[in-house]
Amino acid sequence: MLKIYNTLARDKQDFQPIEPGKVRMYVCGMTVYDYCHLGHARVMVVFDMVQRWLRASGYAVTYVRNITDIDDKIIRRAADNNESIHSLTQRFIDAMHEDADALGVQRPEHEPRATQYVPQMLEMIGKLEANGLAYQAADGDVNYAVRKFAGYGKLSGKSLEDLRAGERVDVATDKNDPLDFVLWKAAKENEADEVKWDSKWGRGRPGWHIECSAMGSDLLGKHFDIHGGGADLQFPHHENEIAQSEGAHQCQYVNTWMHNGFVRVDNEKMSKSLGNFFTIREVLKQYDAEVVRFFILRAHYRSPLNYSDAHLDDAKGALTRLYMALKGNPPQPSLVREGAEGADSTLNREGAQGTGSSPDGTTSHSTRPSKDDSQVAGYDKGRLGGVDVDWNEPHAARFRAAMDDDFNTPEAIAVLFDLANEVNKTRSPQLAAQLVALAGVLGLLQRDPQEFLQGGATAGGLDEAAIGAQIAARIAAKKNKDFASADRIRKELLEAGIVLEDGAAGTSWRRA
RNA sequence: GGUGCGUUAGCAAAGCGGUUAUGCCCCGGAUUGCAAAUCCGGUUAGCCCAGUUCGACUCUGGGACGCACCUCCA
């Protein structure tokens, strides 16, 4: 039974979908006026992991991750660049997709853009007004009357009295209450036509919070299963979403609220305002994308995650161990799986691409995004090809228990290491296949080990031909018992970042 | 000031009221021409104080420290 920590309850709860076998999930995505940083990478990777596990568990998942493409910062940045809003946002949406693909993040079913949902937002604001929860102020803005909504604060655990907004921010004088937030911003003279929409309240543009409420309910319904996002969105963004959606629809909005922890630098939150962020593409120049994904998944999604080169190096070393096990022990799934009829009935297989040998025939209502692997642009490309998990095997059982316990990926990855040890010990091709299959559930270990171990050539490094020549020279020296020369060559290669390994099958190399 | 979360070995990071987490590092052994890889073994824990308990890293209370939110932020 899957348990998920629900921010709303501040506790782990048994997960029960609203509609049996189906999960509808919404995650707050990016505001696209700049490149994504590692904090964004964490949201994308974490909820990618979540949707993968839900699918692996047999659920049909509808996953929505929105794109905010209208916002003060976007408008300002476009003006600074002397660029249209659309051109700016499209550029960074493309960049975001590149980064996500590189990290092995599967595309959500829907990536709605705020600018395409303005009619739905206006309709919702109309409902709020009709329900006495919204009012137009003298300055033309339409605001949400927070004190009229009884449940305000239930997600963030804040009471209206605690908030006392006036203490920290200049009170917007036209609001009835300082805590009220804007639903519709009246158009300003100096803004481009591109950011103005007609409405019964006059020309203007939507407030940030209403976007998610409108897109969520349009694509997933008034009441859906999971809503996720970074912990900083808990208040006010998600609190306001609840007020809007429940205020408009008069029913519960979301059952389970999930919030991921921050990425930190020197123990401080990585954020744009602090300026201490590293963009994904920056980091990927130095580290393999799978190392970054592994680094993120090695911590629990709710824990803080400190970023540093030392930690990435550590993650690289750990992932190398996993790939070494596969390199030495090529996976070979067993064709006949014993006891498969009694196979676990909740998990169906993941990532299978026409392997055909699917003996359990269980609840196969997974609507995995219908993209074949050739469309996965990142390191997930060229995968070994859909190896199935044998869920009856003991490691798989431990893996599943870990994942079912609020997506405990650190524990699940520990199982992977235990399995790697077992693989090295037994040299079992079936266990190696199991390792690939289980790691695949996390979007890891799907590459040819050689590609991982020999990849990531840095500029100015040796190319394969040069390495091959050196290895040949060393083998010749060894043949002549000229170990001094052989060791010298090995040392020189090591200094160039190339590690040599003499095995039964000859000499192989990898990058340090 | 209000609210919430955290404090585990050299570093990173989990579970668990009593039994090896895991990875990297370090030490010893096997293996190797020597290494690397691999295997076997080992060293290094649980912020402080009190309580509950036969027994607490794990539960309860208090304290210290750290982080976050209360303002746009994943």
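The working numbering numbers the first residue of the first sequence as 42 and each following residue consecutively.
Positions of the beta carbon are idealized from the N, C-alpha and C atoms, including for glycine.
Extent of the continuous alpha helix (DSSP H) to which residue 435 belongs: Numbered from 1 along the first sequence, position 394 holds the residue referred to as residue 435. According to the DSSP assignment, residue 435 belongs to the alpha helix (DSSP H) that extends over 435 to 445.
Select from 494, 145, 98 and 136 the residue whose C-alpha is nearest the C-alpha of residue 337. Within the first sequence, numbered from 1, the residue matching residue 337 stands at position 296. With distances taken between Cα atoms, residue 337 lies closest to 145.
Mind checking who residue 543 pairs with in its DSSP beta bridge? Stepping through the first sequence from its first residue, residue 543 is reached at position 502. 548, per the DSSP bridge assignment.
What did DSSP end up calling residue 266 once you bin it into helix, strand or coil? Locating residue 266 in the first sequence gives position 225, counting from the first residue. Here DSSP, grouped into helix, strand and coil, assigns residue 266 to strand.
What's the gap between the Cα of residue 114 and the Cα of residue 314? Your numbering for residue 114 matches position 73 in the first sequence. Your numbering for residue 314 matches position 273 in the first sequence. For residue 114 and residue 314, the gap between their C-alpha atoms comes out near 12 Å.
Spatial distance of residue 467 from residue 96 (CA atoms): By one-based count along the first sequence, residue 467 stands at place 426. By one-based count along the first sequence, residue 96 stands at place 55. If I take the Cα positions, the gap works out to 31 Å.
For residue 58, which residues in the same chain have their Cβ closer than 6 Å to its Cβ, ignoring the five residues on either side in sequence? Taking the first residue of the first sequence as position 1, residue 58 is located at position 17. Excluding residues within five positions, the ones whose Cβ falls inside 6 Å are 64 and 266.
Use the C-beta contact count for residue 66: other C-beta atoms within 10 angstroms, 16 or more gives buried, fewer gives exposed. Residue numbering aside, residue 66 sits at position 25 when the first sequence is read from its first letter. With 16 or more neighbouring CB atoms inside 10 Å of its own CB, residue 66 falls in the buried class.
Count the CB pairs spanning the segment 73 to 80 and the segment 97 to 117 that are closer than 8 Å, and state whether there are at least three. Taking 8 Å as the limit for Cβ pairs, the verdict is that the segment 97 to 117 does touch the segment 73 to 80.
N-terminal and C-terminal residue of the alpha helix (DSSP H) that residue 342 is part of: For the purposes of this step, residue 342 is taken as the residue at position 301 of the first sequence. No alpha helix (DSSP H) contains residue 342, which DSSP labels as neither H nor E.
What's the C-alpha gap between residue 174 and residue 198? Locating residue 174 in the first sequence gives position 133, where the first residue counts as 1. Locating residue 198 in the first sequence gives position 157, where the first residue counts as 1. Pairing residue 174 with residue 198, the inter-Cα distance amounts to about 21 Å.
State buried or exposed for residue 192, treating a residue as buried only when at least 16 other CB atoms are found within 10 Å of its CB. Here residue 192 is taken as the residue at index 151 of the first sequence, counted from 1. Residue 192 is exposed by the Cβ-count criterion.
Is it buried or exposed, residue 362, if we count other Cβ atoms within 10 angstroms and call 16 or more buried? Counting from one through the first sequence, the residue named residue 362 turns up at place 321. With fewer than 16 other Cβ atoms within 10 Å, it is exposed.
Completely contained beta strand (DSSP E) runs for the segment 272 to 360, where each covers 3 or more residues: Complete beta strand (DSSP E) runs here, min 3: 295 to 301, 304 to 306 and 346 to 348.
Secondary structure at residue 49, three-state DSSP: helix, strand or coil? For this step, residue 49 is matched to residue 8 along the first sequence. Residue 49 sits in coil when the DSSP states are folded into three classes, being neither helix nor strand.
Select from 148, 130 and 166 the residue whose C-alpha is nearest the C-alpha of residue 154. The residue labelled residue 154 in the question sits at position 113 within the first sequence. Ranking the options by Cα distance to residue 154, first place goes to 130.
Look at the Cβ atom of residue 496, then the Cβ atom of residue 441, and state whether they are nearer than 9 Å. Position 455 of the first sequence, counted from the start, is the residue given in the question as residue 496. Position 400 of the first sequence, counted from the start, is the residue given in the question as residue 441. The answer is no: Cβ separation not under 9 Å.
Cβ separation of residue 317 and residue 324, assumed to be a contact under 8 Å, to the nearest whole Å: As a first step, residue 317 must be located in the first sequence, where it is residue number 276. As a first step, residue 324 must be located in the first sequence, where it is residue number 283. About 14 Å separates the two Cβ atoms, so there is no contact after all.
Hey, how far is the Cα of residue 517 from the Cα of residue 533? As a working note, residue 517 is residue 476 in the first sequence. As a working note, residue 533 is residue 492 in the first sequence. If you take the alpha carbons of residue 517 and residue 533, they lie about 16 Å apart.
Can you have a look at residue 46 and say buried or exposed, based on whether 16 or more other CB atoms are within 10 angstroms of its CB? What you label residue 46 is simply residue 5 of the first sequence in a count that begins at 1. Note on residue 46: 16 or more other CB atoms within 10 angstroms of its CB, so buried under the neighbour-count rule.
I need the DSSP call for residue 215, collapsed to helix, strand or coil. As a first step, residue 215 is located in the first sequence; it is residue number 174 there, counting from the start. In this structure, residue 215 counts as coil in the three-state DSSP scheme.
Taking the C-alpha atoms as reference points, what is the distance between residue 86 and residue 434? Within the first sequence, residue 86 is the residue found at index 45, counting from 1. Within the first sequence, residue 434 is the residue found at index 393, counting from 1. Answer to the nearest angstrom: the Cα atoms are 27 Å apart.
Give the straight-line distance between the Cα atoms of residue 149 and residue 444, rounded to the nearest whole angstrom. Locating residue 149 in the first sequence gives position 108, where the first residue counts as 1. Locating residue 444 in the first sequence gives position 403, where the first residue counts as 1. Cα to Cα, residue 149 sits roughly 21 Å from residue 444.
How many whole angstroms separate the CB atoms of residue 90 and residue 509, which I take to be in contact at a CB cut-off of 8 Å? Stepping through the first sequence from its first residue, residue 90 is reached at position 49. Stepping through the first sequence from its first residue, residue 509 is reached at position 468. About 38 Å separates the two Cβ atoms, so there is no contact after all.
Tell me whether the beta-carbon of residue 223 lies closer than 9 Å to the beta-carbon of residue 273. Taking the first sequence and counting its residues from 1, the one referred to as residue 223 is at position 182. Taking the first sequence and counting its residues from 1, the one referred to as residue 273 is at position 232. No, the Cβ-Cβ distance between residue 223 and residue 273 is not below 9 Å.
Anticipated Cβ contact below 8 Å, residue 69 with residue 123, distance rounded: In the first sequence, counting from the first residue as 1, residue 69 sits at position 28. In the first sequence, counting from the first residue as 1, residue 123 sits at position 82. Incorrect: roughly 29 Å between the Cβ atoms, too far for contact.
Taking all protein chains shown into account, do 16 or more other C-beta atoms lie within 10 angstroms of the C-beta of residue 170, making it buried, or fewer, making it exposed? By 1-based counting over the first sequence, the position of residue 170 is 129. That one is buried.
Candidates 459, 335 and 428: which alpha carbon is nearest residue 366's? Counting from one through the first sequence, the residue named residue 366 turns up at place 325. The shortest C-alpha to C-alpha distance from residue 366 to any of 459, 335 and 428 is the one to 459.
Spell out the partners DSSP gives residue 78 in its beta bridges. Looking up residue 78 in the first sequence gives position 37. 320.
Determine which residues share a DSSP beta bridge with residue 102 and list them. Counted from its first residue, the first sequence places residue 102 at position 61. Answer is 64, bridged to residue 102.
Neighbour-count burial assignment, residue 300, 16 or more Cβ in a 10 Å radius: Start at 1 with the first residue of the first sequence, and residue 300 comes out as number 259. The Cβ neighbour count for residue 300, taken over all protein chains shown within 10 Å, is at least 16; the residue is labelled buried.
Does the distance from the C-beta atom of residue 482 to that of residue 430 stay below 9 Å? One-based indexing of the first sequence puts residue 482 at position 441. One-based indexing of the first sequence puts residue 430 at position 389. With contacts defined by Cβ atoms closer than 9 Å, residue 482 and residue 430 form a contacting pair.
Is it the case that the Cβ atoms of residue 539 and residue 503 are separated by a distance below 9 Å? Against the first sequence, residue 539 aligns to sequence position 498. Against the first sequence, residue 503 aligns to sequence position 462. In this structure, residue 503 lies closer than 9 Å to residue 539 by Cβ.
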